[in-house]
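Undergrad:
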Amino acid sequence: MQTKVARGMQIRELGAEALKKVLLYAGLAAVGVVMAGPFLWMLLSSFKPDLELFAYPPVWWPKHFMLDHYRYAFLNVSFGRYFLNSFLVAAIATAANVFFTSLAGYAFARLEFFGKNAIFFLLLGTMMIPSQVTLIPVFIIAKRFPLTGGNNILGAGGTGLIDSYGGLLFPYLIMVFGVFLVRQFFMSIPRDLDDAARIDGASEFGIYWRICLPLSRPVLATLAIFVFTNVWDDFLWPLVITNSEKMRTVQLGLQIFQSQFLVNWGPLMAATVVVTLPVLMVFMLGQKYFIRGIATTGLKG
Amino acid sequence: MLESWRYFWNNPGRRRVMLMAYLFIAPVVLYVFVTSFIPMFTSLYLSFTRYNALSAAKWIGLANYRDILLRDTLFWRALRNTVQYSLEVLPVNIALSLGLAILINRKLRGITLFRTLYYLPVVTSAIAVSMIWMWLYERNLGLINLLLDQFGIGPVDWLGKPGLALHSIAAMRVWKGIGWNMVIYLAGLQGIPQYLYEAAMLDGASTWQQFRKITWPMLKPVTYYVITMGLISTLQAFTELYAMSRGTGGPLDSTTTIGFLIYQQAFQYYEMGKASAIAFILFVAIFALSLINVKFFQSRVEGGV
Amino acid sequence: MKRFMGVALSLLLVLALAVPAFAEKTPINIWFAGTDEVFMKTMSEEVIPAFARANPDIELIPTFVPWGDLSTKLTTAFAAGVGPDVFMHGAAATAGFASNDRVQPLDGYIARMEDAADFGATLNAGAYQGKKYMIPAYGAGRLLMYRADFFKEAGLDPDKPPRTWEEFRKAARKLTVKKGNRFVREGIDLPSQGIDAQQIYSMFIWQAGGSFLNEEGTQATFNGKEGVKALQFLVDLVRKDKVADEQINLGQGNIPPIVPGQIAMLFAVPGDLKQVEKYSPDTYKQIRVAMPFKDKQQATLFSFSGFFMSSDSKNKDEAWKVIKYFSGKEALAKLCESMSSLPPRQSLKSLPFIARDPNIVAYMDAMEFAQGNPNIPEWVKIRDILSRYIERAYFGAMTPKAALDKAAEEVNALLKK
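Protein chains in written order, with this note's numbering: chain G, 1 to 301; chain H, 302 to 606; chain C, 607 to 1023.
Spelled out as structure tokens, the structure:
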């Protein structure tokens, strides 16, 4: 009888557990609809003929499923080249940021040095000026960059970084928000670890490389995702720094469907869907590192 | 200051660490010096000039600042809108993104799918997003009004009413930004040692108590980051307000923000000097709020946990 | 990354070295406004190659810039001294560029142009202080667009559209359909905000015989008798006659609200016609446009975009060759058709895409009543001040008179500087 009761309880517990799971999934899905709704709508719309796209009342599921918008978008625009450019720039920027900003973030979080807070707040301050007013000065510096684009050592005579990959990369290679992000995370890693390593004779770089970095995979993944997303989505800088067709990026490519008075929504949505995919892929790769334990296993052992 | 320098320099161990640290931050500092400091100080200089980017800048002292602060009625309206927008977006965004991060911080079949779905608004292009939300908000045929109509409410002119437009755009911005902070909190949650929760559970702490005593305090540095970056980005907000008011900043100036004014001065009026001056007034505001944020967090961190 | 930069750098070096080898070709940078795909295709596949064949001595380097970001890109480039030799822009930009000596007066070249007369008065669209800076490429104007079937439904004759303000008001009243306080169909769609609001006000103030500024451009005159009358009339349509909503009707996506019949009339640009035709050819059969109303005079707003020559250009004669080619009859015919805009040359009125459609012909005919907003460097600011106060009047926050007086006060303060 006792076992029966116990079994009953077990079953009830299992039932409660299953119910909990169902509720959890229902909740996750409901939030998913709200968050992803507009994107999904865009995805569905990209397969609809124009008249359905703007129909009233709205048509959700495409009645006449078609790929015309995709064909139109990708036959008319040399997106291949744009993708290559965007990808190169975003990938290089991501690698550079992950390395340099995590190094600096580590120093600001864990090392003591003269002028630490002053320098840090100066860096932070640069983010507080809207880019609209620094756009022209940054552009002039890119144009006057020494020894590029026909410039001499003083930065005169040529067009500098204008319309080149160097120019596209110029403002992205190190972004201050990364330093700040990494600093905040490194601050929460217990210090006893590096003290122990220091006693063992590890160098500062060794501590950073062998202790802090491995513990920080989630934040580095975050950083990589953010840098990639930011660079991939930026529109204003590629607009001003590039002139020729072969240097354009995907965000500039999307402009092709917007004329002075109206927007060609069908192809724009089709292209937007495709342009979004690489960022989503980077996100999916990065979020794999968001697994509880990676950061803490080191502490226990 | 000299005292402090000697403190580091005269001790070989501290000196070594300091030099190492300088080496670590050197690439960042040098790079930021070229790509950000010089432009920033150029812009500061320009704020004391009349400069239209087409001919040479002319020094006019404090005239831009005087014009903006004393004569420009739209500036004060825009400042109020900006602060209101920021204060509406930030708390809601933080609460929801932390909530979502906790919700999806688990091993579960298909969790990658949900995480990706929640991140989608971040990566969907701003123009497409603004457009879709304008359809949702449309006063006659918009989906939201269509839904409300089922309950006999409305129709509500979400973007057309002077008292409502800013809130409507703020709601959109919250939705668009949740995914970003969710990722940061998700990464932050990985850093909280599991044994803290195990110990708390042994003590019989409720879920809420665990959140209050462990999760929230442990996430302090992350929250500090989220608030600071949130202040910086919402106080500079421009794109979505420009798009959703169709470039007008209306109705009745209700969606005109500081970022909007800066864009207008810089690239519609060719008043780079004035745009820079507005930007530096904004800079002071953001800096002040960030300092309050620092003070708040320092006192909380010492007092709590 | 380093290697990459190295490769990029050496590529650039090779390019830099290679240029002198083709020294006989003069490079001319031209920035086209608009990234519309039909326009880009027409230009880069037809017009530009044709130019290259006709001008082997010039190496044309085209860049297509989105309209919305044209000013940003131009300003940035000019600030760094890397502006293009030739660029397209709206006529409204003339004063700003000209007052800063950024653009070259073209009067000398125009005098030597055999067929300059073909442009008629449109050459004045880009005039500033007596000099002409722009060769127009295409234009757009505003005319009343209405649905013939709605006219019939309301007992109006679709072949006799309103010719005066009073007839217009009456027609709008008859066309309005309401359910309680809500509009089922607005008689007229009136944008109350932004540039649109200002442009519609332009038409009415001119029709009333008023003007925005005095001759010298030093004093606001829009708060005079005519200006107040015009705004009062427009505001009354919203607040007294209740034939229009306070807000512009955006419709659903690209389908203009006149298609589902949420509005019966609007002040449309040619692009609106094209949109109706594209998304609802059946509705388009019912679409008509009317000539500008006459109050004191007939008038409407036309705005032109065209080609400017940078005053920094090192090869001005070649730059002029480029402008001359692209504003020539053949090139303009292609350009205007690809943008479905109105050609500034009267001789192009017979182009098939115009002649086949009486509505577009009407726009060409209305060009004789065309006026443009004042060409002074402060105009963009004045326009925005006006828009803000016009909006206040529409929303009933101020009376039209008070709104215009306040706007005039701000404008005068601005002009005094």
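The C-beta atom is built at its ideal place from N, Cα and C for all residues, glycine as well.
Would you list the one or two residues that DSSP bridges to Met694 of chain C?
TA: DSSP output for Met694 of chain C lists C:Phe913 as bridge partner(s).
Undergrad: Beta-carbon separation of Ser953 of chain C and Asp721 of chain C under 9 Å?
TA: Contact: yes.
Undergrad: Any beta-carbon of chain H closer than 9 Å to the one on Ile806 of chain C?
TA: Chain H contact via Cβ: absent.
Undergrad: Going by alpha carbons, who is nearest to Met435 of chain H out of H:Trp509, H:Ser348, H:Tyr543?
TA: When only C-alpha atoms are compared, the closest one is H:Tyr543.
Undergrad: On the three-pair Cβ rule with 8 Å, is the region 177-189 of chain G touching the region 440-454 of chain H?
TA: No: the two stretches stay apart, fewer than three of their Cβ pairs being nearer than 8 Å.
Undergrad: If contact is defined by three or more beta carbon pairs under 8 Å, each pair taking one atom from either stretch, is the region 646-666 of chain C in contact with the region 227-237 of chain G?
TA: Too few Cβ pairs lie closer than 8 Å, so no.
Undergrad: Grab me the residues of Lys784 of chain C's own chain with a C-beta within less than 7 Å of its C-beta, minus the 5 sequence neighbours each way, in chain order.
TA: For Lys784 of chain C, where only same-chain residues beyond five positions count, the Cβ hits under 7 Å are Val790.
Undergrad: With a cut-off of 8 Å on the beta carbons, I'd call Arg994 of chain C and Asp458 of chain H a contact; round off their distance for me.
TA: About 20 Å separates the two Cβ atoms, so there is no contact after all.
Undergrad: Taking contact to mean at least 3 C-beta pairs separated by less than 8 Å, is the region 187-203 of chain G in contact with the region 358-367 of chain H?
TA: Cβ pair count under 8 Å is below three, so no.
Undergrad: Fully enclosed by the region 378-450 of chain H, which alpha helix (DSSP H) runs are 4 residues long or longer?
TA: Within the region 378-450 of chain H, the complete alpha helix (DSSP H) runs of at least 4 residues are 412-424, 427-438.
Undergrad: Answer with yes or no whether the minimum CB distance from Phe670 of chain C to chain H is below 9 Å.
TA: Cβ-Cβ to chain H under 9 Å: no for Phe670 of chain C.
Undergrad: What is the C-beta distance between Phe139 of chain G and Thr682 of chain C, in whole angstroms, given that I count them as a contact (C-beta under 8 Å)?
TA: Indeed they touch by this definition, with Cβ atoms about 5 Å apart.
Undergrad: Could one say the Cβ of Phe185 of chain G lies closer than 9 Å to chain H's Cβ atoms, at least one of them?
TA: Yes, Phe185 of chain G lies at the interface with chain H (some Cβ there is under 9 Å from its Cβ).
Undergrad: Which of the three DSSP states, helix, strand or coil, is assigned to Leu796 of chain C?
TA: Leu796 of chain C falls in the coil class under three-state DSSP.
Undergrad: Please state whether DSSP places Phe873 of chain C in a helix, a strand or coil.
TA: Phe873 of chain C: strand per DSSP, three-state reduction.
Undergrad: Compare the C-beta of Val279 of chain G against all C-beta atoms of chain H and say whether one is closer than 9 Å.
TA: By this cut-off, Val279 of chain G is an interface position.
Undergrad: Within the same chain, show all residues whose beta-carbon is closer than 6 Å to that of Phe79 of chain G, passing over the 5 residues directly before and after it, in chain order.
TA: Answer for Phe79 of chain G: Gly253, listed in chain order.
Undergrad: Look at the Cβ atom of Ala697 of chain C, then the Cβ atom of Asn981 of chain C, and state whether they are nearer than 9 Å.
TA: Closer than 9 Å, so yes.
Undergrad: Name the residues in the region 893-912 of chain C whose C-beta lies less than 7 Å from a C-beta of chain G; which are they?
TA: Listed by position, the residues of the region 893-912 of chain C near chain G (Cβ gap below 7 Å) amount to none.
Undergrad: Name the chain G residues whose beta carbon is nearer than 8 Å to that of Lys679 of chain C?
TA: Result: Leu239, Val240.
Undergrad: Kindly indicate which three-state DSSP category Phe789 of chain C falls into: helix, strand or coil?
TA: Phe789 of chain C: strand per DSSP, three-state reduction.
Undergrad: Beta carbons nearer than 8 Å to chain C: which residues of the region 322-356 of chain H have them?
TA: Residues passing the 8 Å Cβ filter: Asn353, Ala354, Leu355, Ser356.
Undergrad: When burial is assigned at 16 or more other CB atoms within 10 Å of the CB, is Pro130 of chain G buried or exposed?
TA: Under this definition Pro130 of chain G is a buried residue.
Undergrad: Comparing C-alpha positions only, which one of H:Gln511, H:Arg307, H:Phe338, H:Pro494 sits nearest to Ala501 of chain H?
TA: Among H:Gln511, H:Arg307, H:Phe338, H:Pro494, the Cα nearest to that of Ala501 of chain H is on H:Gln511.
Undergrad: So with Cβ pairs under 9 Å, would you call Arg474 of chain H a contact of chain G?
TA: Chain G, which has no Cβ nearer than 9 Å to the Cβ of Arg474 of chain H, makes this no.
Undergrad: Answer yes or no: does any C-beta atom of chain G fall closer than 9 Å to that of Val384 of chain H?
TA: False, the Cβ-Cβ gap to chain G never drops below 9 Å.
Undergrad: Can you tell me where the beta strand (DSSP E) with Trp637 of chain C in it begins and where it stops?
TA: Taken as a continuous stretch (DSSP letters only), the beta strand (DSSP E) holding Trp637 of chain C covers 632-639.
Undergrad: Count the CB pairs spanning the region 547-561 of chain H and the region 370-383 of chain H that are closer than 8 Å, and state whether there are at least three.
TA: Counting Cβ pairs under 8 Å, three or more are found: they touch.
Undergrad: Buried or exposed: Ile864 of chain C, going by 16 or more other Cβ atoms within 10 Å of its Cβ?
TA: Ile864 of chain C comes out buried.
Undergrad: For Ala627 of chain C and Leu215 of chain G, I'd like the C-alpha separation in whole angstroms.
TA: Confidence is the limiting factor: at Ala627 of chain C the pLDDT is only 49, short of 50, which leaves the residue's position unreliable, though a coordinate-based value still follows. Spanning the two alpha carbons is a distance of roughly 57 Å.
Undergrad: Name the one or two DSSP bridge partners that Ala826 of chain C has.
TA: In DSSP, Ala826 of chain C forms a bridge with C:Leu819.
Undergrad: Looking at Val274 of chain G: is its Cβ nearer than 9 Å to the Cβ of Phe120 of chain G?
TA: Not in contact: Val274 of chain G and Phe120 of chain G (Cβ atoms no closer than 9 Å).
Undergrad: For a cutoff of 9 Å on Cβ pairs, would you count Tyr885 of chain C as touching chain G?
TA: Yes, contact with chain G.
Undergrad: Using a Cβ-Cβ cutoff of 7 Å, what residues of the region 835-867 of chain C are near chain G? List them in chain order.
TA: Listed in sequence order: Gln858, Gly859, Asn860, Ile861, Pro866.
Undergrad: Can you pull the DSSP bridge partners for Arg753 of chain C?
TA: Note: Arg753 of chain C sits in a beta bridge opposite C:Ile893.
Undergrad: Measure the beta-carbon distance from Met751 of chain C to Val986 of chain C and round it to whole angstroms, keeping in mind my assumption that it falls under 8 Å.
TA: That belief does not hold up - the Cβ atoms of Met751 of chain C and Val986 of chain C are roughly 27 Å apart, past 8 Å.
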